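The number in my numbering is simply the position in the sequence shown, starting from 1, with 18 added.
Heads up: the structure comes next, in structure tokens.
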Amino acid sequence: MTNTLNNAGPVTLKERLQSSRIIVAPGVYDALSASLAEQAGFDTVYLSGASLAYTKLGRPDIGLMSLTEVNDTLAHIRERSDISIVVDCDTGFGNALNVMRSVRLLERSGANAIQLEDQTYPKRCGHLRGKTLVSQGEMVGKIKAALDARLSDQTLIIGRTDAIATEGIEGALARAQAYYEAGADVIFVEGIRSSEQIDQVMSQFKGKIPVMANMVEGGDTPLQDAATLQTMGFSMVIFPGALVRAFTYMASKFFSTLKTDGTTNNFRNQMLDFKQLNDYLGTQSMLELGQQYEDRSR
């Protein structure tokens, strides 16, 4: 998987994380949303477990998704797009052996980075209350298992800790340090609550390993723009559920309009028409491609 940075030639996600420029990865949940992000100019997306639960199941992010469902979605995105994909692998869907299987499947389906967290299974959204964690030692074992399972060191393993909510910032830093020492390629301290906590994270990890930020509208971490996060020292920022929140807001208005008016005509200026959507999807070019293989003897 390659992309271009500053017209300096193709580079991998791993190489881009060593750049001073922060990577902005919007959350996606299917091939269409990923292709829209790519069209908008993003070179990296985040396949969000929360967004998958919201859209596929119409349910909250409380550990209901399976590895197969995540992997199938990843495969559809990869078939549609060459964009870099960071995959939310939750807890690895079990113990260290489950982690190894998860990493193998996701890597083969096109993941460029795989995020693992230290919650118990089933997990819950990092900004919900009532989380419980596995031991630090168990999570270290999972990270080592993930590193052993991957085929290429270009497939990054992200070590996430949710310990701020249960053990405070000191506990979270201790866990993040252990995951760094275990060999994680990126560190993700979830649920940071203040600029002081950001300073603590950066004083320990800045310059040693890329650090990821998570922006959740209405969540525990104060919203910051990418440029500000870059100056703080973050190498990547994800906006995992933002698209679903925007879509849900829009769709609610759409259905309300349709119910009231009995027509979609009053919503036309906020939607694509039939031709516009097919133009975006490349329908005509695909039909023309298929014609090249038709049996012309009939």
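Beta carbons: idealized from backbone N, C-alpha and C, even for Gly.
Computed from a prediction, not measured in an experiment: that's the story for all the values here.
- Under the three-state reduction of DSSP output, Ser212 falls in the coil class, being neither helix nor strand.
- By the Cβ-count criterion, Ala194 is buried, with 16 or more other Cβ atoms from all chains shown falling within 10 Å of its own Cβ.
- Exposed is the label assigned to Asn287, since fewer than 16 other Cβ atoms lie within 10 Å of its Cβ.
- In this structure, the alpha-carbon of Phe111 lies about 45 Å from that of Asn283.
- The criterion of a C-beta distance shorter than 7 Å is not satisfied by Lys160 and Ala231.
- Counting only the Cα atoms, Arg314 lies some 56 Å from Pro228.
- As for any beta strand (DSSP E) of minimum length 3 sitting wholly inside the segment 32-61, the runs are 41-46, ordered along the chain.
- Rounded to the nearest whole angstrom, the C-alpha separation of Met268 and Asp166 is 44 Å.
- Taking 7 Å as the cut-off, the beta carbon of Phe257 is found closer than this to the beta carbon of Gly45.
- Straight through space, the alpha carbons of Glu306 and Gln242 are spaced by roughly 46 Å.
- The alpha-carbon of Gly177 is positioned some 11 Å away from that of Asp106.
- Taking C-alpha positions only, Asp171 is separated from Leu124 by approximately 14 Å.
- Gly308: member of the alpha helix (DSSP H) spanning Thr301 to Gln309, first to last residue.
- No Cβ-Cβ contact shorter than 7 Å links Tyr72 with Ala43.
- Between Val262 and Ser69, the C-beta gap is smaller than 7 Å, which places the two residues in contact.
- In the same chain as Glu235, and ignoring 5 residues on each side of it, the C-beta atoms closer than 8 Å to its own belong to Leu241, Gly259, Ala260 and Arg263, in chain order.
- Counted as a single uninterrupted DSSP element, the stretch harbouring Leu134 is not any alpha helix (DSSP H) but the beta strand (DSSP E) occupying residues Ala131 to Glu135.
- As summarised for the segment 209-282, the continuous beta strand (DSSP E) elements at least 3 residues long and confined to that stretch are 229-232 and 254-257, given in chain order.
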